[in-house]
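In our numbering, the protein residues as written are 679 to 1162.
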């Protein structure tokens, strides 16, 4: 063989080896990436080639699947009472990535989760029958919150303090997730929903932290009692009127000038929501101690999964003393979600212990066999001592019986709560946010529930916006439904 032929042969062999190497690389490395690519139409065809598994509430499926026509996507997702449960389910769309529980459990619901596969499925490569997601939602509590919020813009969460089971997650205004399921109509619906000034796709219960106002005073009170700054809720505080924010000439005003807020004990200060007391209390404790207590309750947790990822509620850092004083009344840069404030009440109601909140009870295969039981997978963390919890429970009950939360009274139920009205806009120029967080314990059955409600916007006149006026009636309806 002459030199030219030999070189050509070697070069050709190298080309063949390169092609084989590239083919192997694509098949065994790039192949999976290409298969998983969101723009790969085959994924959608496979996902919707058969009915999806379902999301279950109290034994009933609130999702379904319907046969399509004239499409290579054989089925599309359907929803029962879609607007009612949108903040729980999210949506599964032929055009857009799934959200909420639909997104978290996408593989389970479309049958590609490896836990669903039988030996035969593994051998044949067949897709398994899809599984189901069983939620902790109580439909009566969910409906009560949705109806009570009505046309208000807001969010609400209810938790069983003893178990951590989330009984309701509501965000209004809501949307119908079924409008996004069909590829033929999803584009127009998506454009309309995103153009809506009321932002119906925003989950206000879990994913829109806003200033919590005076509901945050529960956290400051817990920090003061745990630190020993005050021994109990009936000790007089050192809280002058006027209380001028340190380093400024600005007095921290109270809503009512006639309220007995000067040197008021924690009980009275919660009853009348005295800003001077909790502003000075936060300064006396210092921001680090307040932050430590807030973080024990769940603030600043960027990985709060229930299993849907909730946005972090925030207690700010690097504040001066004036800003620390404002943080003590839930203003400045303090933010919270209704989920977070429900967690605060849940821990107080449960003797100072917070059971990890969760929205899913179990996931199962198509035959109902449990793949994972989340009710057995909870953790419990002591937030405050039982003594501090009892003190705060007593003070919160005073708020309901004699203070700013009278609209949450329920016959036959021991209710403790805290109202909040958070300033909004420069110089409080915009409509304030109305907050209410509470717990209820049935005197006859011992059942318990903790709730938080935030009303971002309503038709009420600005002067009528208050936690007691707007948010407390929603919380009352939720507690009644949970404790009936």
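Here a beta-carbon is modelled for each residue, glycine too, at the ideal position from N, C-alpha and C.
Cutting at 6 Å between CB atoms, please list the residues of its own chain near residue i, excluding the five before and the five after it.
i	result
residue 914	941, 943
residue 817	735, 736
residue 1081	949
residue 1145	1097, 1098, 1099, 1112, 1113, 1114
residue 839	1024, 1027, 1028, 1126, 1128
residue 727	752
On the CB-based measure, 16 or more other CB atoms within 10 Å of its CB, does residue i come out buried or exposed?
i	result
residue 831	buried
residue 892	buried
residue 688	exposed
residue 1108	exposed
residue 782	buried
residue 920	exposed
residue 733	buried
residue 680	exposed
residue 1064	exposed
residue 690	exposed
residue 692	exposed
residue 1043	buried
residue 1047	exposed
residue 1023	buried
residue 695	exposed
residue 698	exposed
residue 869	exposed
residue 771	buried
residue 951	buried
Under a three-way DSSP split, which group does residue i fall into?
i	result
residue 768	coil
residue 810	strand
residue 817	helix
residue 1048	strand
residue 1114	strand
residue 1041	strand
residue 1143	coil
residue 1072	helix
residue 642	Only positions 679 to 1162 of the chain appear in this structure, which leaves residue 642 out of reach.
residue 1059	strand
residue 945	helix
residue 893	helix
residue 957	helix
residue 723	helix
residue 979	coil
residue 1026	helix
residue 963	helix
residue 1078	helix
residue 738	strand
residue 743	strand
residue 712	Residue placement at residue 712 cannot be trusted, given a pLDDT of 46 that sits under 50; what the coordinates show is reported in the next sentence. It is helical.
Are residue i and residue j close, meaning C-beta to C-beta below 7 Å?
i	j	result
residue 878	residue 760	no
residue 776	residue 1113	no
residue 1062	residue 960	no
residue 852	residue 882	no
residue 1110	residue 1143	yes
residue 861	residue 773	yes
residue 731	residue 787	yes
residue 1073	residue 1116	no
residue 986	residue 784	no
residue 1017	residue 835	yes
Within its chain, find whatever has a CB closer than 7 Å to the CB of residue i; leave out the 5 residues flanking it on each side and keep chain order.
i	result
residue 955	915, 917, 939, 942, 947
residue 928	922
residue 984	844, 1035, 1036, 1037
residue 685	none
residue 821	762
residue 963	901, 902, 905, 907
residue 871	853, 878, 879
Quick check on this structure: which residue in the options has the alpha carbon closest to the alpha carbon of residue i?
i	options	result
residue 886	964, 991, 958	991
residue 1124	1149, 1028, 1082	1028
residue 649	848, 681, 1049	With the chain covering 679 to 1162 only, the question about residue 649 has no answer from this structure.
residue 966	837, 1026, 949, 999	999
residue 1020	1082, 1041, 1077, 1097	1097
residue 1130	847, 1009, 1058, 1121	847
residue 813	1060, 1076, 1024, 1051	1051
residue 1188	769, 925, 835	Lying outside 679 to 1162, the shown extent of the chain, residue 1188 is not represented and no answer is given.
residue 1025	1095, 1013, 794	1095
residue 911	859, 1076, 980	1076
residue 1120	725, 1147, 721, 1091	1091
residue 1078	1053, 953, 1018, 1147	1147
residue 1039	1018, 1054, 1033	1054
residue 841	815, 826, 825	815
residue 1013	1071, 767, 888	888
Starting from the C-beta of residue i, find all residues in its chain whose C-beta is less than 8 Å away, skip the five residues before and the five after it, and write them out in chain order.
i	result
residue 1088	1118, 1154, 1157, 1158, 1161
residue 969	977, 978, 993, 995
residue 1151	826, 1085, 1086
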